[in-house]
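Novice:
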């Protein structure tokens, strides 16, 4: 058995032990949670702050198989599980949050194209770069009152919040990537009789695409953050709206599954983007 | 024998008509850039050269003497502060397909396979970005692919290499493909910037041999930048040495030696001691030892 010496850089822990160690913190967290839950339930068997397994199960059941409180959908007696799921609270919230998220993701595409131009075409750089640098420093959330006035308090103000929050950073990031494409590549393309658009869209954009996707992966969390901020302030549905509502009457049995569900969704998007990146760009050497 | 080889290559730069056989004309080119408020640093000073069609010119010089700058100006990537440069009789304004280019690094598009790299030139020049949607494109592409496979074999690669990405090839292989890629365009001028400097000696020799054979077959005009004297003497038919007369800022590099080499090329093996003497002689110039016979100072004033 390998000697356990945490401060040895050259240590070679054996595989099984390393695996076990990586689970340790999870186990401790769950253990602490359970301990707290049990002790609180001993004092008050109806405690809602740290729900026990039965309460959590009920909360999960309520979120995935029962409609939201504000909905007046009454399921037929013989409704299937699928039918119930389709009208459930979590489905509804995920759909509306996801819609906002996807629309803002699509709106980032023109931002990336703009960034490509800023990095590559000197006139675009001259026109846009300084303004984007300035705009990047504005805290998007501080614009929220203006956004509410301009876009109204429903969908578009939240989407605008996400785009305004993430796009400038993304533009600056992609501009840097475009600028770091070796000059030789661009010169070479021109000697191969490429025109400006060939160079932009068939040489440079192809080369930065894997980095752009990686940058997007890093920006998923800020996007989600802006979405949640928007939804918590003004919304009538959505994942963050539900969490905000549940907080009012300490509905931890619903909040905790929601938190884990959002984390899982983000992980899933990140993972699929990474897989897509590997599949599409086998030549990419990070 | 040495003295016959280094007979100064005389020329006048007020030649009125451009002869059709002049591939690259460099007319009184100077390059300088401002440092500080009043002083300017001069890189190149009054360079005038006529490069004939089909010549293999090697630009030799120490690091920082401006030989790469000169090449980039022929390419159109940089502009001279004074003077002008003509390629195939027309002034160079921007990078275009008049000259092929093989840089030292990043010579291939990393996101394209070897075959895609080779067909890139003819494809883009015939069908630009949206032209690829036109009906003739597929037939054209097939034809170019066949040519690319021919070029691939010619450069000494196997057909199984066609589907590989550049990062899967060794440095020497990459440069082989890069030369092939430039040749696919059939441009008459080939510019190479330290093309083989990053390679190990054995690979380097085999690529030098390849380049020689390509040159003697197609006779393109080659401008090859290097800091390796042996390589210069082996490859070129004309050797141009750039060096600065002293190290003050206002003095730029000039042509300190301009000589013809035998078209069959020179090597240590075939020319023996004579080759080594010549290497010494040339290196004396490029180091800037300023006391050889004045008759050898081709262009310097």
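Protein chains in written order, with this note's numbering: chain G, 1 to 286; chain S, 287 to 587. Here a beta-carbon is modelled for each residue, glycine too, at the ideal position from N, C-alpha and C. All values derive from a computational prediction rather than experimental measurement.
Would DSSP call residue 560 of chain S helix, strand or coil?
Specialist: Note: residue 560 of chain S maps to helix in three-state DSSP.
Novice: Got a sec? Which residues, its chain only, sit under 6 Å from residue 582 of chain S by beta carbon, not counting five neighbours each side?
Specialist: Note on residue 582 of chain S: pLDDT 45, under 50, position unreliable in the model; the coordinate value appears next. Nothing listed; no residue qualifies.
Novice: At which residues does the beta strand (DSSP E) containing residue 122 of chain G begin and terminate?
Specialist: It is not in any beta strand (DSSP E) - residue 122 of chain G instead sits in the alpha helix (DSSP H) that spans 122-136.
Novice: Let me check understanding here. Comparing Cα to Cα, which of S:529, S:475 and S:444 lies closest to residue 509 of chain S?
Specialist: Minimum Cα distance to residue 509 of chain S is reached at S:475.
Novice: In angstroms, rounded to a whole number, what distance separates the CA positions of residue 421 of chain S and residue 427 of chain S?
Specialist: Using only the alpha carbons, I get a separation of about 11 Å.
Novice: Run down chain G in chain order and give the residues with a C-beta less than 8 Å from the C-beta of residue 415 of chain S.
Specialist: Those within 8 Å of residue 415 of chain S in chain G are 195, 197, 198, 201 and 202.
Novice: Decide if the region 175-184 of chain G is in contact with the region 113-122 of chain G; the criterion is three or more beta carbon pairs, one per stretch, under 8 Å apart.
Specialist: Enough Cβ pairs lie closer than 8 Å, so yes.
Novice: Taking residue 145 of chain G as the reference, which of G:166, G:92, G:20 and G:230 has the closest Cα?
Specialist: Checked all of G:166, G:92, G:20 and G:230; the closest Cα to residue 145 of chain G is G:230.
Novice: Per DSSP, residue 326 of chain S forms a beta bridge with which residues?
Specialist: For residue 326 of chain S, which the question treats as bridged, DSSP gives the partners S:320.
Novice: Is it buried or exposed, residue 210 of chain G, if we count other Cβ atoms within 10 angstroms and call 16 or more buried?
Specialist: So residue 210 of chain G counts as buried.
Novice: Are residue 396 of chain S and residue 452 of chain S touching if we call contact CB-CB under 8 Å?
Specialist: Contact flag set, yes.
Novice: Along the region 359-371 of chain S, what residues have a CB closer than 9 Å to any CB found in chain G?
Specialist: The residues in question are 361, 362 and 363.
Novice: Distance, Cα to Cα, residue 185 of chain G vs residue 362 of chain S?
Specialist: Those two C-alpha atoms are separated by around 14 Å.
Novice: So, is residue 275 of chain G buried or exposed, given that buried needs 16 or more other C-beta atoms within 10 angstroms?
Specialist: With fewer than 16 other Cβ atoms within 10 Å, it is exposed.
Novice: For residue 461 of chain S, which option in S:436, S:403, S:528 and S:525 has the closest C-alpha, if you only look at C-alpha atoms?
Specialist: When only C-alpha atoms are compared, the closest one is S:403.
Novice: Taking the continuous beta strand (DSSP E) assigned at residue 441 of chain S, which residues delimit it?
Specialist: No beta strand (DSSP E) contains residue 441 of chain S, which DSSP labels as neither H nor E.
Novice: Buried or exposed for residue 544 of chain S, please, with buried defined as at least 16 other CB atoms from any protein chain shown within 10 angstroms of its CB.
Specialist: Buried, by the Cβ-count rule.
Novice: What is the DSSP secondary structure of residue 416 of chain S, counted as helix, strand or coil?
Specialist: Looking at residue 416 of chain S - three-state DSSP - the assignment turns out to be coil, as it is neither helix nor strand.
Novice: Going residue by residue through the region 16-64 of chain G, where are the continuous beta strand (DSSP E) segments of at least 3 residues, counting only ones entirely within it?
Specialist: List check, beta strand (DSSP E) in window: nothing returned.
Novice: For residue 510 of chain S, name the three-state secondary structure that DSSP assigns.
Specialist: Residue 510 of chain S: strand per DSSP, three-state reduction.
Novice: Can you tell me which of the three DSSP states residue 450 of chain S falls into?
Specialist: Residue 450 of chain S falls in the coil class under three-state DSSP.
Novice: Take every Cβ of the region 270-284 of chain G, pair it with every Cβ of the region 73-85 of chain G, and state whether three or more of those distances are shorter than 8 Å.
Specialist: No: the two stretches stay apart, fewer than three of their Cβ pairs being nearer than 8 Å.
Novice: By Cβ distance, which residues of its chain are closer than 8 Å to residue 19 of chain G, with the 5 residues on each side in sequence left out?
Specialist: Closer than 8 Å at Cβ, skipping near neighbours: no residue.
Novice: Suppose the cutoff is 6 Å on Cβ atoms and the five residues either side in sequence are ignored; what does the same chain contact list for residue 189 of chain G look like?
Specialist: Result list for residue 189 of chain G: 199 and 203, in chain order.
Novice: Using CA atoms only, rank isn't needed, just tell me which of S:551, S:325, S:496 and S:502 is closest to residue 521 of chain S.
Specialist: With distances taken between Cα atoms, residue 521 of chain S lies closest to S:551.
Novice: So residue 369 of chain S packs on residue 529 of chain S, CB below 8 Å; how close in whole Å?
Specialist: Not really, about 19 Å apart at Cβ, beyond 8 Å.
Novice: Given that residue 383 of chain S touches chain G, what residues does it touch there, using C-beta distances under 9 Å?
Specialist: Within 9 Å Cβ-Cβ: 190, 191, 192, 193 and 194.
Novice: Residue 145 of chain G CB to nearest chain S CB: under 8 Å?
Specialist: False, the Cβ-Cβ gap to chain S never drops below 8 Å.
Novice: Under a three-way DSSP split, which group does residue 10 of chain G fall into?
Specialist: Coil, per DSSP.
Novice: Are the beta-carbon atoms belonging to residue 511 of chain S and residue 354 of chain S less than 8 Å from one another?
Specialist: Cβ atoms of residue 511 of chain S and residue 354 of chain S: closer than 8 Å.
Novice: If contact is defined by three or more beta carbon pairs under 8 Å, each pair taking one atom from either stretch, is the region 411-418 of chain S in contact with the region 486-497 of chain S?
Specialist: Segments in contact, no.
Novice: Under a Cβ-count criterion, where at least 16 other Cβ atoms within 10 Å of its own Cβ denotes burial, should residue 109 of chain G be classed as buried or exposed?
Specialist: Label assigned to residue 109 of chain G: exposed.
Novice: Using beta-carbon positions only, say whether residue 406 of chain S and residue 418 of chain S come within less than 8 Å of one another.
Specialist: Going by C-beta atoms, residue 406 of chain S is not nearer than 8 Å to residue 418 of chain S.
Novice: Judging by CA-CA distance, which residue of G:256, G:271 and G:286 is the nearest neighbour of residue 63 of chain G?
Specialist: Of the listed residues, the one whose Cα sits closest to residue 63 of chain G is G:256.
Novice: Taking the CB atoms as reference points, tell me whether residue 172 of chain G and residue 147 of chain G lie closer together than 8 Å.
Specialist: Cβ distance not < 8 Å, so residue 172 of chain G and residue 147 of chain G don't count as in contact.
Novice: Residue 330 of chain S and residue 538 of chain S look like a contact to me (Cβ under 8 Å); what is the Cβ gap, rounded to whole Å?
Specialist: Contact holds; Cβ gap of about 5 Å.
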